[in-house]
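*Asks:* In this note's numbering, the protein residues as written are 38 to 534.
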Ligand SMILES: [Zn+2]
């Protein structure tokens, strides 16, 4: 038997199973019982909140052999066919992939025919806002004179993109984002039925990652299981999500309170080593400081977090002034935006953190001493500032340096392009890091002529003599790269069902 995704397996099959949309369920059930159904509904709301499932359940309730009633029986032929997508009376059109006039034209031709198996014909048009204006016009003609036996359900995540001529002919029902406790509850029920053990914190991470979309959370659970097996630990979820660990966020915020740059950098390094991407670290940190802000304003209750968690946030928030929290939030949000297009996001993040903590390097001195086991602390501090500065200067013009190298040597450019500037080494060299498996490029860059080309390019662009050193990053684990990318793609808006 082929594998059925958890999302499909646990999709709501009747109104009772719909989560978090009681107001809509009640409206539809009353309409069915009182025979006061509208000809067309507009279901709006974020993705994964149950719009299409509700439309199918409505279709079942209407066409059930034992209906029409407030709930479908779920076992008769009609219910079965609708569940499996085989009913000729329930027509689903995905406007995201069928934007054109042809589908709507076909719809117009067929809409006049009476239902074959059940009492009603139900047209479900998903992501209706994606239709072309031509298709909208054709649809409008149908909505203006709907056949008696036909019900339209138009679903959309972006109601503002649906023409008023269409939406004004529909009864609009707004689906709510599903709350965190509801998602948690449902996920833990699925886990129980499937025999998964799920750490409390892992459950929390998966529930949160869906951001109110049940579908995303369940799909993520599916991914985690295929990645980690039936015994799911929080750190595996962290790895898969590329998310930063909660403890790490607290200690990073602590470091920011103390203006302890070295500690902050160390935490960032740990987060990235644990599998988080730098943009995710910033995103999580933004979220953490938003939580701190709300706790500071006494609005912690709105956070859908456990009482313990809110207490802890409130305690940490007390260490910051309101101004400071706002400043951190502003700077990090800006960094998050910048990182989206910057080729070296980590640098943007690090520079932002350094700027946020000002020049309070004195305080971080001892920690650096511990890390580096370096004798002369004051010298070391100065060095760090200078190096940070030098590195930031290089990164500011890195694209220009790359272009300059390109003018001089194509093979040098290709190699350099595969590497990533990492830091200024103790001996003042710019360290270019290559991923494991890219050692070939490192070797090519190491060839004397290519190295000289790069150093010359730096000198020409920056006006400074900086030597280059290349290393291969052994720490980067290739096997996870694929799953993390997959998850990112999933959360980038692609639907996996
Ligand atoms: Zn039935």
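Where is the CB? At the ideal position from N, CA and C, for every residue including glycine.
1) Should residue 227 and residue 269 be called a contact, given that it needs their Cβ atoms to be closer than 9 Å?
2) Whose CA, out of 171, 70 and 78, lies closest to the CA of residue 139?
3) Whose C-alpha, out of 426, 264, 153 and 167, is nearest the C-alpha of residue 141?
4) Considering Cα atoms alone, identify which of 46, 188, 363 and 330 is closest to residue 352.
5) How would you write the range of the beta strand (DSSP E) that residue 129 sits in, first residue to last?
6) Quick check on the DSSP output: what are the complete alpha helix (DSSP H) runs of length 4 or more inside the segment 228-267, in order along the chain?
7) Hey, is the segment 60-67 in contact with the segment 187-195, meaning 3+ C-beta pairs nearer than 8 Å?
8) Going by Cα to Cα distance, which pick from 349, 77, 299 and 54 is closest to residue 222?
9) Would the C-beta of residue 312 count as close to ligand 1, meaning under 8 Å from any of its heavy atoms?
10) Apart from the five residues on each side of it in sequence, which residues of its chain come closer than 7 Å, Cβ to Cβ, to residue 335?
11) Answer yes or no: the CB of residue 102 versus the heavy atoms of ligand 1, is any distance below 8 Å?
12) Does DSSP put residue 460 in a helix, a strand or coil?
13) Helix, strand or coil for residue 385 per DSSP?
14) Pull the bridge partners of residue 77 from the DSSP assignment, please.
15) Residue 269 bridges to which residues according to DSSP?
16) Taking only runs that begin and end inside the segment 153-204, name each unbroken beta strand (DSSP E) of 3 or more residues, in chain order.
17) Thinking just about the alpha-carbon of each residue, which of 243, 482 and 261 is nearest to the one in residue 506?
18) On the DSSP bridge list, what partners appear for residue 507?
19) Taking 8 Å as the line, does the beta carbon of residue 115 fall inside it for any heavy atom of ligand 1?
20) Which value, in whole angstroms, describes the spacing of the CA atoms of residue 197 and residue 97?
21) Given that a residue counts as buried once 16 or more other Cβ atoms are within 10 Å of its Cβ, and exposed if not, what is residue 519?
22) Decide yes or no for the touch test of the segment 149-161 against the segment 119-131: beta carbon pairs closer than 8 Å, at least 3 of them.
23) Of the residues 490, 452 and 497, which one's Cα is nearest the Cα of residue 508?
24) Could you check what DSSP says for residue 210 in three-state terms: helix, strand or coil?
25) When every heavy atom of ligand 1 is checked, does at least one fall within less than 8 Å of the C-beta of residue 97?
26) Identify whether residue 51 lies in helix, strand or coil by the three-state DSSP scheme.
27) Express the C-alpha separation of residue 81 and residue 106 in angstroms, rounding to a whole number.
28) Under the criterion of a Cβ to heavy atom distance below 8 Å, does residue 152 qualify as lining ligand 1?
29) If you drop the 5 nearest sequence neighbours on each side, which residues of the same chain put their C-beta closer than 7 Å to that of residue 442?
30) Report the option in 322, 338 and 328 whose CA atom is closest to the CA atom of residue 33.
31) Alpha carbon to alpha carbon, how far is residue 212 from residue 88? Give it in angstroms, no decimals.
32) Cβ of residue 335 within 8 Å of any heavy atom in ligand 1?
33) Looking only at C-alpha atoms, which of 488, 499 and 468 sits nearest to residue 433?
34) Taking one C-beta from the segment 176-187 and one from the segment 40-56 each time, how about it: are there three or more such pairs within less than 8 Å?
35) For residue 358, name the three-state secondary structure that DSSP assigns.
36) Would you mind sorting residue 464 into buried or exposed? The rule is 16 or more other CB atoms within 10 Å of its CB.
*Replies:* If we stick to the structure as given:
1) If you number the chain shown from 1, residue 227 lands on position 190. If you number the chain shown from 1, residue 269 lands on position 232. No, the pair does not count as a contact, with Cβ atoms beyond the cut-off.
2) On the chain shown, residue 139 is found 102 positions in, with the first residue counted as 1. Considering only alpha carbons, the answer is 171.
3) For the purposes of this step, residue 141 is taken as residue 104 along the chain shown, with counting starting at 1. If we check each option's Cα against that of residue 141, 167 comes out closest.
4) Your numbering for residue 352 matches position 315 in the chain shown. That would be 330, whose Cα lies nearest to the Cα of residue 352.
5) On the chain shown, position 92 is the one that residue 129 refers to. 127-131 is the span of the beta strand (DSSP E), which, as asked, contains residue 129.
6) 237-246 and 251-265
7) no
8) For the purposes of this step, residue 222 is taken as residue 185 along the chain shown, with counting starting at 1. Of the listed residues, the one whose Cα sits closest to residue 222 is 54.
9) Within the chain shown, numbered from 1, the residue matching residue 312 stands at position 275. Checking every heavy atom of ligand 1 against the Cβ of residue 312, none is found closer than 8 Å.
10) Taking the first residue of the chain shown as 1, we reach residue 335 at position 298. Once the five neighbours on either side are set aside, residue 335 has no close Cβ partner at all.
11) The sequence position of residue 102 within the chain shown is 65, counting from 1. The answer is yes for residue 102.
12) Here residue 460 refers to the residue found at position 423 of the chain shown. Correct three-state label for residue 460: strand.
13) For the purposes of this step, residue 385 is identified with residue 348 of the chain shown, where counting begins at 1. Residue 385: helix per DSSP, three-state reduction.
14) Locating residue 77 in the chain shown gives position 40, counting from the first residue. For residue 77, which the question treats as bridged, DSSP gives the partners 189.
15) By 1-based counting over the chain shown, the position of residue 269 is 232. 235.
16) 158-163 and 187-193
17) The count along the chain shown starts at 1 and reaches residue 506 at position 469. Ranking 243, 482 and 261 by Cα distance to residue 506 puts 482 first.
18) Position 470 of the chain shown, counted from the start, is the residue given in the question as residue 507. Answer is 469.
19) The residue labelled residue 115 in the question sits at position 78 within the chain shown. Yes - ligand 1 has a heavy atom lying nearer than 8 Å to the Cβ of residue 115.
20) Taking the first residue of the chain shown as 1, we reach residue 197 at position 160. Taking the first residue of the chain shown as 1, we reach residue 97 at position 60. The straight-line gap from Cα to Cα measures roughly 29 Å.
21) For this step, residue 519 is matched to residue 482 along the chain shown. Caution is warranted here: a pLDDT of 30 is assigned to residue 519, below 50, making its placement in the model unreliable, and the coordinate value is therefore given only provisionally. By the neighbour-count rule (16 or more Cβ atoms within 10 Å), residue 519 is not buried but exposed.
22) yes
23) Reading the chain shown from its first residue, position 471 is the one you call residue 508. Looking at the Cα atoms, 452 is the closest of the given residues.
24) Translated into the one-based positions of the chain shown, residue 210 becomes position 173. Looking at residue 210 - three-state DSSP - the assignment turns out to be strand.
25) Here residue 97 refers to the residue found at position 60 when the chain shown is read from its first residue. Because some heavy atom of ligand 1 lies under 8 Å away, the Cβ of residue 97 counts as near it: yes.
26) As a first step, residue 51 must be located in the chain shown, where it is residue number 14. Residue 51: coil per DSSP, three-state reduction.
27) In the chain shown, the residue the question calls residue 106 occupies position 69. In the chain shown, the residue the question calls residue 81 occupies position 44. If I take the Cα positions, the gap works out to 24 Å.
28) What you label residue 152 is simply residue 115 of the chain shown in a count that begins at 1. Result no, Cβ not under 8 Å from ligand 1.
29) Along the chain shown, one-based indexing puts residue 442 at 405. Excluding sequence neighbours, residue 442 sits near 449, 450, 453, 490, 491 and 494.
30) Examination of residue 33 is not possible in this model, given that the chain is present from 38 through 534 alone.
31) Position 51 of the chain shown, counting from 1, holds the residue named residue 88. Position 175 of the chain shown, counting from 1, holds the residue named residue 212. Looking at the two C-alpha atoms, the distance is approximately 7 Å.
32) Translated into positions along the chain shown, residue 335 becomes position 298. Answer for residue 335: no, Cβ out of range of ligand 1.
33) The sequence position of residue 433 within the chain shown is 396, counting from 1. Closest option to residue 433, Cα to Cα, is 499.
34) no
35) Mapped onto the chain shown, residue 358 falls at position 321. It is coil, neither helix nor strand.
36) Start at 1 with the first residue of the chain shown, and residue 464 comes out as number 427. It is exposed - the Cβ of residue 464 has fewer than 16 other Cβ atoms within 10 Å.
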